[in-house]
Each structure stands twice: as structure tokens, then as C-alpha cells.
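Data first, discussion second: the structure below is written as C-alpha cells.
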Amino acid sequence: MTVTTFSELELDENLLDALQDKGFTRPTAIQAAAIPPALDGRDILGSAPTGTGKTAAYLLPALQHLLDFPRKKSGPPRILILTPTRELAMQVADHARELAKHTHLDIATITGGVAYMNHAEVFSENQDIVVATTGRLLQYIKEENFDCRAVETLILDEADRMLDMGFAQDIEHIAGETRWRKQTMLFSATLEGDAIKDFC
Numbered sequence: 001m002t003v004t005t006f007s008e009l010e011l012d013e014n015l016l017d018a019l020q021d022k023g024f025t026r027p028t029a030i031q032a033a034a035i036p037p038a039l040d041g042r043d044i045l046g047s048a049p050t051g052t053g054k055t056a057a058y059l060l061p062a063l064q065h066l067l068d069f070p071r072k073k074s075g076p077p078r079i080l081i082l083t084p085t086r087e088l089a090m091q092v093a094d095h096a097r098e099l100a101k102h103t104h105l106d107i108a109t110i111t112g113g114v115a116y117m118n119h120a121e122v123f124s125e126n127q128d129i130v131v132a133t134t135g136r137l138l139q140y141i142k143e144e145n146f147d148c149r150a151v152e153t154l155i156l157d158e159a160d161r162m163l164d165m166g167f168a169q170d171i172e173h174i175a176g177e178t179r180w181r182k183q184t185m186l187f188s189a190t191l192e193g194d195a196i197k198d199f200c
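Next comes the structure, spelled out in C-alpha cells:
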């Protein structure tokens with residue numbers, strides 16, 4: 001079935017309201033292709049250039065999962081999104097907050113260029129989604145300041161850039177710290193190139 005409107009997707013009313021607030025009624029091609037299987041919990045390997053709505057293609061299913069299966073008590077993050085740069089991490093987190101604004105969900109960032117004290121709240125308070133750059137996150141994991149064991153969905157945004165920047169081992173290390181049974185979504189501008197093929 002071809003999805004032509006967001007209302008056709010099994011999304012929470014709070015998410016649909018947030019989309020309507022932004023004037024979005026029709027999913028882009030990548031959103032229509034990725035969201036339905038992602039909502040079913042399947043792993044996603046998606047290719048889409050910047051500006052085609054790929055961020056919402058993974059954020060909406062991730063947010064929906066958290067709303068469908070609310071946690072019974074506070075704990076470490078359940079959704080982990082990795083990005084190649086601090087700037088992209090901030091953009092993704094802002095987008096997530098816009099989509100989640102009618103919900104109780106909390107979104108935080110962990111990036112380089114930020115003092116440890118400014119990340120302390122991520123370690124001490126309940127966070128549902130964390131958007132992070134690999135280097136700083138791995139540092140905190142090794143220092144046992146960040147717990148990945150509750151991560152139910154791992155998302156790699158601009159995976160091709162991360163691999164080109166030499167982060168393959170870091171990503172594998174982080175993924176190895178997460179729970180064994182998890183959903184993984186990988187988005188890349190292209191699925192060509194040896195780095196992506198080797199990683200996948």
C-alpha cells in the first residue's frame with residue numbers, strides 16, 4: 001500500500017499534531033518507505049540525500065516506540081542516535097524536540113566541545129533519547145558514565161560520513177555495549193562505497 005498522508009500511518013495523535021503544527025501532511029519518499037517497516041520493529045537501511053526528510057523517517061518510529069511502550073520507572077536512554085558532527089547532533093535533537101513537544105519524552109545530546117558538567121544531567125536524570133557524536137560518547141562509556149544497556153533502538157545518521165571519518169571501530173564498540181536484541185536503523189546519503197558495504 002502506498003502511503004500518501006501521515007494520518008495513514010499508525011502514529012500517535014501527539015505526533016500527528018506536531019507534524020500538523022509544522023505544516024507537514026504528506027510523507028516524503030524516504031519517510032513513506034522507511035516508517036511503516038520501522039514501526040514494525042524491523043531493521044532499516046536507508047539511502048536519502050540531505051533535505052529529503054530522512055531525519056523524521058527515523059525519529060517518528062523511534063518516538064512512536066517510546067509512546068507505545070512507556071517505561072515503568074526512570075532509567076538510562078532507550079533510543080541512541082549517532083551522528084558524525086556536533087552540529088548535526090544539535091539539529092537532530094532540535095527536530096526530535098519539535099516532534100515530541102506534545103509528549104512527556106526527554107531528549108538530550110552528548111557531543112564534543114561541551115564541558116563534562118554540562119553533560120552531567122544526561123547521566124543523572126531520566127532521558128528517553130540521546131543524540132551523540134561517537135568520540136565523546138565512547139569516552140563516557142569507557143569512563144562508565146554512560147549506560148547503553150537499555151538502548152532498544154540504535155540509529156546511525158549520515159553513516160557514510162562517520163565511516164569516511166574513521167569511526168567504524170567506535171561505532172562497533174558502542175553497538176556492542178547496547179542490548180543484543182535491538183532495532184538498528186542506518187541512514188546514509190549513499191549506500192555505495194566499500195566502507196558502507198563492509199560495515200553493513
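Residues in the sequence shown are numbered consecutively from 1, following UniProt numbering.
All C-beta atoms in this analysis are idealised placements derived from N, C-alpha and C, irrespective of residue type, glycine included.
- The beta carbons of L66 and I79 sit closer together than 8 angstroms.
- For Y140, the closest of V114, N14, D157 by C-alpha to C-alpha distance is V114.
- For T134, the enclosing alpha helix (DSSP H) starts and ends at 134 to 142.
- Secondary structure note for G46: its beta strand (DSSP E) is the uninterrupted segment 44 to 47.
- Cα atoms of A32 and I174: separation of roughly 29 angstroms, rounded to the nearest angstrom.
- The Cβ-Cβ distance between T55 and V92 falls below 8 angstroms.
- In this structure, V3 keeps its C-beta atom at 8 angstroms or more from the C-beta atom of P77.
- Taking one beta carbon from each stretch, the stretch 166 to 186 and the stretch 4 to 18 have fewer than 3 pairs nearer than 8 angstroms; the two do not touch.
- Within a 10 Å sphere around the beta-carbon of R136 sit 16 or more other beta-carbons, which makes this residue buried.
- About 5 angstroms separates the beta carbons of D128 and L105, which is inside the 8 angstroms limit, making them a contact pair.
- Note on D160: 16 or more other CB atoms within 10 angstroms of its CB, so buried under the neighbour-count rule.
- Contact annotation: T133 and G112 have beta-carbon atoms nearer than 8 angstroms.
- The residue from A189, D164, R149 with its alpha-carbon nearest to that of R181 is R149.
- With fewer than 16 neighbouring CB atoms inside 10 Å of its own CB, P70 falls in the exposed class.
- Take the alpha-carbon of P49 and the one of T28: they are about 12 angstroms apart.
- DSSP places M162 in the uninterrupted alpha helix (DSSP H) bounded by 159 to 164.
- The shortest C-alpha to C-alpha distance from M162 to any of S188, I107, R179 is the one to S188.
- The C-alpha of E144 lies about 25 angstroms from the C-alpha of A62.
- Under DSSP, the beta-bridge partners assigned to Q183 are T153.
- Taking C-beta separations shorter than 6 angstroms and ignoring five residues to either side along the sequence, the partners of T178 in its chain run C148, V151, L154, following chain order.
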